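Visitor: What follows is a structure written as structure tokens; I'll ask about it next.
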């Protein structure tokens with residue numbers, strides 16, 4: 295009985311997926327599932343989880359990477375609501391769910407918004423929060439309203455603004471009673487945010503069923519949330535801030551600390567080609583003046599004092615209607631983290647200069663952020679690219695059942711062509727190589743109808759290709775508009791660019807240049823003609839930096855014989871497969887994939903790719919690629 299499945303028909307294997315999830319949840323087990331693009335994983339996992347969760351009062355936490363993925367869950371809950379009783383709400387950051395003009399004006403990110411919100415509430419300076427106390431009846435009404443209908447964040451914002459209530463607190467109050475909470479990974483992967491989140495909901499881990507969507511992203515997201523970075527520029531601003539507030543002891547400490555970093559920079563980067571070097575945690579405190587002036591206990595005390603002063607400075611700036619940041623507080627928080635993991639093998643401490651001189655604290659073990667999974671009732675990890683499943687289970691450190699569903703792409707609707715005469719291997723990169731790659735791209739774009747994606751191994755490779763002026767040639771000779779992904783573009787800027795790219799599917803078509811592992815090659819849905827083909831340039835292996843080498847060493851110690859594979863090889867192959875998957879959103883959609891790197895023909899790479907890619911893979915040269923692409927798009931044959 296599929297009482298929470300709102301559609302008239304099931305896709306192949308969906309019922310098996312639903313029953314698998316239902317049994318796992320009923321037994322309190324964890325599950326790692328690979329199901330192909332277009333399978334209908336979101337509705338399937340909800341249909342499997344909800345009967346048990348609702349009947350016994352478990353709360354479902356559905357985690358995704360992007361806002362679009364989160365919105366998709368709400369869409370499915372709205373559909374389910376037509377056939378069964380279910381409640382759900384989508385959490386965003388305080389900045390996204392805030393009506394206070396001060397936060398909208400001065401808080402640049404989610405963390406600052408959280409800190410400022412806390413201060414505004416403490417000072418009684420947020421009327422939207424204060425109104426929660428004064429309008430209790432209206433709060434109760436709006437909470438009941440949203441419990442009757444799963445809602446998007448903009449819907450909560452709209453109604454909260456009308457009643458002058460805090461949208462975040464309204465969302466939280468709905469979340470206390472809702473069956474399903476949709477949120478970003480950060481809500482559960484970040485230890486501090488997770489604890490605040492759990493406290494606000496008043497639940498224990500054992501009350502939860504947690505779903506990780508697009509779970510191939512989880513290891514990288516876990517490492518990112520456990521890591522931290524402090525620029526020298528922030529330290530300089532902290533010295534100035536300490537002076538302005540008359541904190542002479544802090545100013546003196548930071549000045550000596552900065553001089554020590556300058557000496558350390560000259561010492562460690564002299565005759566060193568890399569943009570980062572590993573350092574011992576205590577090395578940053580080994581300036582003679584610091585050693586003479588501060589004992590280890592003194593260091594701890596002044597760092598803790600900086601954290602406290604940071605809170606006071608933020609409150610003062612709020613009172614004066616100034617941007618609420620505290621550089622002193624930020625340095626204190628970073629140094630506290632830096633020292634707290636000083637003797638741990640699962641962290642590496644770095645001095646880097648790629649984006650300006652900075653100290654970096656880099657986590658190496660994603661399983662640390664996932665240790666809470668051992669306490670929840672059940673956890674489900676799902677994605678279209680998790681193979682090999684055993685490796686994913688090792689890396690996230692979760693005991694779980696494994697299941698892989700077969701491909702949905704019809705053989706006649708897919709073709710994978712691999713150029714056997716080009717590669718982006720470091721020693722082969724040259725202007726001549728980029729010109730040859732540009733020829734492949736140009737011919738593929740000409741033949742593939744409507745929209746095409748071109749995803750490269752890195753921004754460096756992307757820049758090399760663009761240097762050939764291929765984008766100009768495509769627009770002038772093919773007539774397709776070209777869009778180029780910007781590394782530093784905001785989410786809203788990128789979303790607007792992708793929306794415009796998609797709109798050209800109804801015109802002459804367009805070409806989107808981006809990188810594998812980026813936001814446009816993963817997590818984006820391109821339906822119909824929005825992406826009929828992709829050209830994948832290279833394999834996105836990471837540069838062999840000290841952090842990558844440390845990751846390999848750490849995994850080698852934890853998983854003997856698998857360090858390089860887990861820490862370097864497999865992540866790149868998954869990014870390649872994810873980018874290839876953009877062309878098929880259903881079994882009926884037709885799409886062509888051109889891979890410009892002969893290494894993909896090697897068995898050690900092919901074994902990590904989806905079955906449907908391997909089955910339709912052909913080795914080609916430029917003339918042969920043109921023939922096979924024309925035949926594929928003209929007749930629908932796969933070019934056999």
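Numbering (my numbering), first residue to last: 295 to 934.
Even for Gly, the Cβ is constructed at its ideal location relative to N, Cα and C.
The structure presented is a predicted model; accordingly, all values stated were derived computationally and were not measured.
Whose CA, out of 557, 828, 644, lies closest to the CA of residue 583?
Guide: Minimum Cα distance to residue 583 is reached at 557.
Visitor: Tell me, which residues are paired with residue 669 by DSSP?
Guide: None; residue 669 has no bridge partner.
Visitor: Within the same chain, show all residues whose beta-carbon is closer than 7 angstroms to that of residue 600, passing over the 5 residues directly before and after it, in chain order.
Guide: For residue 600, where only same-chain residues beyond five positions count, the Cβ hits under 7 angstroms are 544, 622, 623, 625, 626.
Visitor: Kindly provide the ranges of any beta strand (DSSP E) runs that are 3 or more residues long and lie completely inside the stretch 525 to 563, ordered along the chain.
Guide: If we require 3 residues or more, the stretch 525 to 563 turns out to have no beta strand (DSSP E) run fully inside it.
Visitor: So is residue 921 in contact with chain B if we call contact Cβ pairs under 8 angstroms?
Guide: Absent from the structure is chain B; it holds one protein chain and no more.
Visitor: Quick check: what's the CA-CA separation for residue 914 versus residue 641?
Guide: Straight-line Cα distance between these residues: approximately 44 angstroms.
Visitor: Using alpha carbons as the reference points, say which of 377, 608, 507 lies closest to residue 412.
Guide: Measuring from the Cα of residue 412, the nearest candidate turns out to be 608.
Visitor: Helix or strand or just coil, what does DSSP make of residue 592?
Guide: If DSSP states are grouped into helix, strand and coil, residue 592 belongs with the helices.
Visitor: Just reading off the beta strand (DSSP E) that residue 586 is part of, what are its end residues?
Guide: It is not in any beta strand (DSSP E) - residue 586 instead sits in the alpha helix (DSSP H) that spans 582 to 587.
Visitor: Whole angstroms is fine: what's the gap from residue 441's alpha carbon to residue 738's?
Guide: Using only the alpha carbons, I get a separation of about 50 angstroms.
Visitor: By how many angstroms is the C-alpha of residue 353 removed from the C-alpha of residue 497?
Guide: Between residue 497 and residue 353, the C-alpha separation is close to 9 angstroms.
Visitor: Under the assumption that residue 503 contacts residue 672 (Cβ atoms under 8 angstroms), give the Cβ distance between them as a whole number of angstroms.
Guide: With 8 angstroms as the limit, residue 503 and residue 672 qualify as a contact, their Cβ atoms being about 5 angstroms apart.
Visitor: Let me know if residue 705 comes out buried or exposed under the rule of 16 or more other beta-carbons within 10 Å of its beta-carbon.
Guide: Residue 705 comes out exposed.
Visitor: Identify, in the order they occur along the chain, each residue of the same chain with its Cβ nearer than 8 angstroms to the Cβ of residue 324, setting aside the five sequence neighbours on each side.
Guide: Closer than 8 angstroms at the Cβ level, and outside the excluded window around residue 324, lie 318, 667, 672, 673, 674, 675, 692, 693, 694, 695.
Visitor: By the 10 Å Cβ neighbour count, where 16 or more other Cβ atoms means buried, how is residue 906 classified, buried or exposed?
Guide: The residue in question, residue 906, is buried, as its Cβ has 16 or more Cβ neighbours within 10 Å.
Visitor: Which residue's Cα is closest to the Cα of residue 890: 785, 851, 711?
Guide: Of the candidates 785, 851, 711, the one whose C-alpha sits nearest the C-alpha of residue 890 is 711.
Visitor: Using three-state DSSP, classify residue 407 as helix, strand or coil.
Guide: Correct three-state label for residue 407: helix.
Visitor: Tell me, please, whether the stretch 462 to 476 touches the stretch 399 to 406 by the rule of three or more beta-carbon pairs shorter than 8 angstroms.
Guide: Judged by Cβ distances under 8 angstroms, the stretch 462 to 476 makes no contact with the stretch 399 to 406, as fewer than three pairs qualify.
Visitor: In this structure, does DSSP put residue 734 in helix, strand or coil?
Guide: Of the three classes helix, strand and coil, the one that applies to residue 734 here is helix, per DSSP.
Visitor: Starting from residue 394, follow its DSSP beta bridges and name the residues at the other end.
Guide: Residue 394 is not bridged to any residue.
Visitor: I need the DSSP call for residue 354, collapsed to helix, strand or coil.
Guide: It is a strand residue.
Visitor: At what residues does the beta strand (DSSP E) containing residue 244 begin and finish?
Guide: Nothing in the structure corresponds to residue 244, since the chain is present only between 295 and 934.
Visitor: Using 10 angstroms around the beta-carbon of residue 604, count the other beta-carbons present and answer buried if the total reaches 16, otherwise exposed.
Guide: Looking at its Cβ environment, which holds 16 or more other Cβ atoms inside 10 Å, residue 604 is buried.
Visitor: Under DSSP, the beta strand (DSSP E) around residue 430 begins and ends at which residues?
Guide: First-last for residue 430: 430 to 441, but that is the alpha helix (DSSP H), not the beta strand (DSSP E).
Visitor: In chain order, what residues of the same chain have a beta carbon less than 7 angstroms from the beta carbon of residue 638, not counting five sequence neighbours either side?
Guide: Taken in chain order, the list of residues that qualify is empty.
Visitor: At 4 residues or longer, and completely inside the stretch 449 to 513: list those alpha helix (DSSP H) runs for me, N to C.
Guide: Segments of the alpha helix (DSSP H) lying fully in the stretch 449 to 513: 461 to 471, 480 to 483, 485 to 495.
Visitor: Could you tell me the distance, in whole angstroms, from the CA atom of residue 513 to the CA atom of residue 821?
Guide: Between residue 513 and residue 821, the C-alpha separation is close to 28 angstroms.
Visitor: Does the count of Cβ pairs from the stretch 707 to 721 and the stretch 788 to 801 closer than 8 angstroms reach three?
Guide: No, the stretch 707 to 721 is not in contact with the stretch 788 to 801.
Visitor: Determine the DSSP secondary structure at residue 641, reduced to helix, strand or coil.
Guide: Residue 641: strand per DSSP, three-state reduction.
Visitor: Determine the direct distance from the alpha carbon of residue 798 to that of residue 927, and round the result to whole angstroms.
Guide: Each residue's alpha carbon lies about 19 angstroms from the other.
Visitor: With residue 653 as the anchor, note down where its alpha helix (DSSP H) starts and where it stops.
Guide: Run containing residue 653: none in the alpha helix (DSSP H); it sits in the beta strand (DSSP E), 652 to 657.
Visitor: Looking only at C-alpha atoms, which of 679, 769, 783 sits nearest to residue 803?
Guide: That would be 769, whose Cα lies nearest to the Cα of residue 803.
Visitor: Among the residues of its own chain, which have a CB less than 8 angstroms from the CB of residue 568, if the five just before and after it don't count?
Guide: Result list for residue 568: 839, 840, in chain order.
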